[in-house]
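Protein chains: 6
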Amino acid sequence: MTDALERGRALIEKLNPDLEAVLAGRYDDLLPGFAESLVEWAYGRHYARPGLDLKTRQLCTIAALTALGGQTGPQLKINIEHTLATGANREEVIEAIWQMAVYGGLPAAINGLNAAREVFDELDAAA
Amino acid sequence: MTDALERGRALIEKLNPDLEAVLAGRYDDLLPGFAESLVEWAYGRHYARPGLDLKTRQLCTIAALTALGGQTGPQLKINIEHTLATGANREEVIEAIWQMAVYGGLPAAINGLNAAREVFDELDAAA
Amino acid sequence: MTDALERGRALIEKLNPDLEAVLAGRYDDLLPGFAESLVEWAYGRHYARPGLDLKTRQLCTIAALTALGGQTGPQLKINIEHTLATGANREEVIEAIWQMAVYGGLPAAINGLNAAREVFDELDAAA
Amino acid sequence: MTDALERGRALIEKLNPDLEAVLAGRYDDLLPGFAESLVEWAYGRHYARPGLDLKTRQLCTIAALTALGGQTGPQLKINIEHTLATGANREEVIEAIWQMAVYGGLPAAINGLNAAREVFDELDAAA
Amino acid sequence: MTDALERGRALIEKLNPDLEAVLAGRYDDLLPGFAESLVEWAYGRHYARPGLDLKTRQLCTIAALTALGGQTGPQLKINIEHTLATGANREEVIEAIWQMAVYGGLPAAINGLNAAREVFDELDAAA
Amino acid sequence: MTDALERGRALIEKLNPDLEAVLAGRYDDLLPGFAESLVEWAYGRHYARPGLDLKTRQLCTIAALTALGGQTGPQLKINIEHTLATGANREEVIEAIWQMAVYGGLPAAINGLNAAREVFDELDAAA
Chain A
182 MTDALERGRA LIEKLNPDLE AVLAGRYDDL LPGFAESLVE WAYGRHYARP GLDLKTRQLC
242 TIAALTALGG QTGPQLKINI EHTLATGANR EEVIEAIWQM AVYGGLPAAI NGLNAAREVF
302 DELDAAA
Chain B
182 MTDALERGRA LIEKLNPDLE AVLAGRYDDL LPGFAESLVE WAYGRHYARP GLDLKTRQLC
242 TIAALTALGG QTGPQLKINI EHTLATGANR EEVIEAIWQM AVYGGLPAAI NGLNAAREVF
302 DELDAAA
Chain C
182 MTDALERGRA LIEKLNPDLE AVLAGRYDDL LPGFAESLVE WAYGRHYARP GLDLKTRQLC
242 TIAALTALGG QTGPQLKINI EHTLATGANR EEVIEAIWQM AVYGGLPAAI NGLNAAREVF
302 DELDAAA
Chain D
182 MTDALERGRA LIEKLNPDLE AVLAGRYDDL LPGFAESLVE WAYGRHYARP GLDLKTRQLC
242 TIAALTALGG QTGPQLKINI EHTLATGANR EEVIEAIWQM AVYGGLPAAI NGLNAAREVF
302 DELDAAA
Chain E
182 MTDALERGRA LIEKLNPDLE AVLAGRYDDL LPGFAESLVE WAYGRHYARP GLDLKTRQLC
242 TIAALTALGG QTGPQLKINI EHTLATGANR EEVIEAIWQM AVYGGLPAAI NGLNAAREVF
302 DELDAAA
Chain F
182 MTDALERGRA LIEKLNPDLE AVLAGRYDDL LPGFAESLVE WAYGRHYARP GLDLKTRQLC
242 TIAALTALGG QTGPQLKINI EHTLATGANR EEVIEAIWQM AVYGGLPAAI NGLNAAREVF
302 DELDAAA
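Chains as they are written, first to last, in this note's numbering: chain A, 182 to 308; chain B, 182 to 308; chain C, 182 to 308; chain D, 182 to 308; chain E, 182 to 308; chain F, 182 to 308.
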């Protein structure tokens, strides 16, 4: 196991312990090595880096996925959950999304708000 | 003067006191009301909101402008300066940019690193 | 109430009188001030400006939302309704969409045509 | 009939013989000439050109639609079918999609994998 | 010569008579048939269609190229010239650009204003 | 050294032997580990995979970078060089680019042709 993969696995253990298994179950038959490669790259080579705290990293991701819009709906929802798992509150998530109206336009921001609403409703229903 | 405009002006006073005058000098002949409208919307209606601290807001902007890529080069450079003005250090800026390789792809992240390098070099040359 | 907000409200009174209330009902709990801010910015600071007639403004919006694609489906449908409300006919809407095949590619244009079809069918069903 | 239209029709005869009729049935009432224009431009003026073999052209399309993401889901699925019709195997399709994680980011690549999965499942169900 | 090509050529005769020759000189050695294909598709199959007047078509193009940002700078400048050639005035061009702040974000709109400024300055210098 | 990193290094040895050193010299002071991480991810985890030949992978990259446009100019030029290094000829590169007019629109395709022209001219000047 590489260092980056190890660091990635240690990090998702805190954020979303089932993530690698879920991804492997969903994609590894189609693309051998997918889950491991994603954990190594996204979490081991990025989120686990020093120099910026994890909560801020997650809020940056929320902002970027909102601004990119369109193709990132499912990923935005997963990352809103991860962001709450780092200790951010709902208001911080909403503010990071709404600020993107300035940079990505109103449709992107509104779609981001809709995604957050869905996540919050699902969490409330599960509570 | 509206409340949102007033809040926006108070905020840029801290980040970049000449911003409204610079924008007015550059665009208001072409588009009357441009600078005021931008300050009201971007700073008064977004950055000045409660619920998320200004430094994190700026790092979110760095991330989103990096991920959007292409059309946002000049704005990324200005916002890197604003982000440093909120107390973020260079490493935090670089980390927010590089994380976008995961979401916007390598070209976007590399172009963001190039923009940061230019800002840092300009600041060092001016120091 | 600011001037821009007042101008925005006067304009949506003609296009879609319930818009601010609908938006407030949908988002203001999540994001206080959302509906007012949107009306002030989009309608008061843009659509209500002199220098370009409202129908052409709306057709420009149709074109841009089509070209941007992906993240703008719901907004495209609302703006097709607003465009018809300014006196544009269906053929003008379709032509503005199809022209975007040149600039945004065929998938964007075809998705735009699908959105228009849905709006027209809903209007016909309601007639 | 123009040369480009003729070349386009000859080519789709091999890839997807019903394509022009399906497109005409779906869009020509809304936009007279749509299907003919699409066949002439996309197939006659691009896919039918010499200089690059059809299978590679189709894999290039898969890659680009994956990277563009968001607005291209339905077109990606149709083009995965066309790509298999040129003799590409499923593994080649999956590899062309996954490579886009480097250039368009992970969300784009994952959405592309999901689209391929849907096409493969539909083909298997129809087999 | 096809009908669409003929219609396209008749239209650019009014907007920019040298366009096909300029494009052929620039790209036909690299890509035989480029200029003819572009005139047939963009002008013959889109701009020359009935159902929407040419000036509005051009303003729609300005809006979309602004919103798409990044990759469309040179094309935006050419189309601003074409739009003025249809009888639009500078204010209409500026308004179509600025409205895109709502849909594509501030960076896109500001880059569009910069492009318009360059075109206007070049026209004034040539006057 | 991880397996993926080793595979990536073996592959760039053929395509562009100086790549890791050039990237390290340019970015590793700003972002420790950058060059190694890029080689591991892009080349070890993607290009070096079985299932699709390297030349087709590179043509897919050309297509996607063209369609993404804007933010990918420098990367497109480097990848055109890599694609020629896999044995593709110039015509194949041009065709992969021009086909993107269908999916990403004319501006994206034209900008791609311009990038190819620059690469070819540089190669001819160096010959």
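We treat Cβ as the ideally placed atom computed from N, Cα and C, and that holds for glycine.
All values reported here derive from a predicted model rather than from experimental measurement.
Asked: Assess, as a yes-or-no matter, whether the segment 194–206 of chain C is touched by the segment 261–273 of chain C under the definition of 3 or more beta carbon pairs within less than 8 Å.; Found: yes
Asked: Are any of the Cβ atoms in chain A nearer than 9 Å to that of threonine 264 (chain C)?; Found: no
Asked: From D:Asn295, D:Pro288, D:Leu249, pick the residue whose C-alpha is nearest to that of leucine 211 (chain A); which is it?; Found: D:Asn295
Asked: By Cβ distance, which residues of its chain are closer than 6 Å to alanine 258 (chain B), with the 5 residues on each side in sequence left out?; Found: The sequence given here has lysine at residue 258 (chain B), not alanine. Same-chain partners within the cutoff: Ala296, Val300.
Asked: Just the Cα atoms here: how many angstroms apart are threonine 237 (chain D) and valine 220 (chain A)?; Found: 31 Å
Asked: Taking contact to mean at least 3 C-beta pairs separated by less than 8 Å, is the segment 225–245 of chain D in contact with the segment 198–207 of chain F?; Found: no
Asked: When you check each C-beta in the segment 278–307 of chain C against every C-beta of chain I, which residues fall closer than 7 Å?; Found: Reference to chain I is not applicable here, since the protein chains of this structure are A, B, C, D, E and F.
Asked: If we define contact as Cβ-Cβ less than 9 Å, is glutamate 248 (chain F) a contact residue for chain B?; Found: The residue asked about is misnamed: residue 248 (chain F) is alanine in this sequence, not glutamate. No, no contact with chain B.
Asked: Would you give the residue range spanned by the alpha helix (DSSP H) that proline 255 (chain E) belongs to?; Found: 254–266
Asked: Is glutamate 217 (chain C) buried or exposed, if buried means 16 or more other CB atoms sit within 10 Å of its CB?; Found: buried
Asked: Distance cutoff 9 Å, beta carbons only. Does arginine 190 (chain A) sit that close to anything in chain F?; Found: no
Asked: Could you compute how far the alpha carbon of proline 255 (chain E) sits from the alpha carbon of aspartate 184 (chain F)?; Found: 44 Å
Asked: Note down, in chain order, each residue of its chain lying with its Cβ closer than 8 Å to the Cβ of glutamate 187 (chain B), except the 5 sequence neighbours on either side.; Found: Gly225
Asked: Just to confirm my understanding: we take alanine 289 (chain A), look at its own chain, exclude 5 residues before and 5 after, and list those with CB closer than 7 Å. What are they?; Found: Thr247, Ala248, Gly250, Met281
Asked: Could you compute how far the alpha carbon of isoleucine 275 (chain B) sits from the alpha carbon of glycine 232 (chain B)?; Found: 24 Å
Asked: How many angstroms separate the CA atom of isoleucine 261 (chain B) from the CA atom of alanine 306 (chain D)?; Found: 52 Å
Asked: Does any residue of chain F have a CB that is nearer than 9 Å to the CB of isoleucine 243 (chain D)?; Found: yes
Asked: Assuming tyrosine 310 (chain E) contacts leucine 287 (chain A) (C-beta within less than 8 Å), just tell me the rounded distance between them.; Found: Nothing can be reported for residue 310 (chain E): it is not among the residues displayed for chain E, which extend from 182 to 308.
Asked: Starting from the beta carbon of threonine 267 (chain F), find every residue of chain A whose beta carbon is closer than 7 Å, and list them in chain order.; Found: What threonine 267 (chain F) touches in chain A: nothing, since even the nearest Cβ is about 22 Å away.
Asked: Aspartate 302 (chain A) by DSSP, collapsed to three states: which one?; Found: helix
Asked: DSSP state of leucine 212 (chain F), grouped into three classes?; Found: coil
Asked: Just how far apart, CA to CA, sit aspartate 234 (chain F) and glutamate 272 (chain D)?; Found: 11 Å
Asked: Nearest chain A C-beta to threonine 237 (chain B) closer than 9 Å, yes or no?; Found: yes
Asked: Between F:Arg190, F:Thr253, F:His263, F:Asp302, which has its C-alpha nearest tryptophan 222 (chain F)'s C-alpha?; Found: F:Arg190
Asked: Report the rounded CA-to-CA distance for arginine 230 (chain B) versus isoleucine 278 (chain D), giving the unit in angstroms.; Found: 41 Å
Asked: Kindly list, in the order they appear in chain C, the residues whose Cβ is closer than 7 Å to that of tyrosine 208 (chain D).; Found: Leu294
Asked: Give a yes or no on whether 9 Å exceeds the smallest Cβ distance from leucine 186 (chain F) to chain D.; Found: no
Asked: Which of helix, strand or coil does DSSP assign to alanine 290 (chain C)?; Found: helix
Asked: With a threshold of 8 Å on Cβ separation, who are the neighbours of tyrosine 208 (chain F) within its own chain once the five nearest residues in sequence on each side are excluded?; Found: Phe215, Ala216
Asked: Which of the three DSSP states, helix, strand or coil, is assigned to alanine 244 (chain B)?; Found: helix
Asked: Taking Cβ positions only, does isoleucine 193 (chain A) come closer than 9 Å to chain B?; Found: no
Asked: Nearest by alpha-carbon distance to asparagine 292 (chain F): which of E:Gln239, E:Leu304, E:Thr253 is it?; Found: E:Thr253
Asked: List the residues of chain D whose Cβ lies closer than 7 Å to the Cβ of threonine 253 (chain E), in chain order.; Found: By Cβ distance, chain D contributes nothing, its closest Cβ being about 15 Å from threonine 253 (chain E), past 7 Å.
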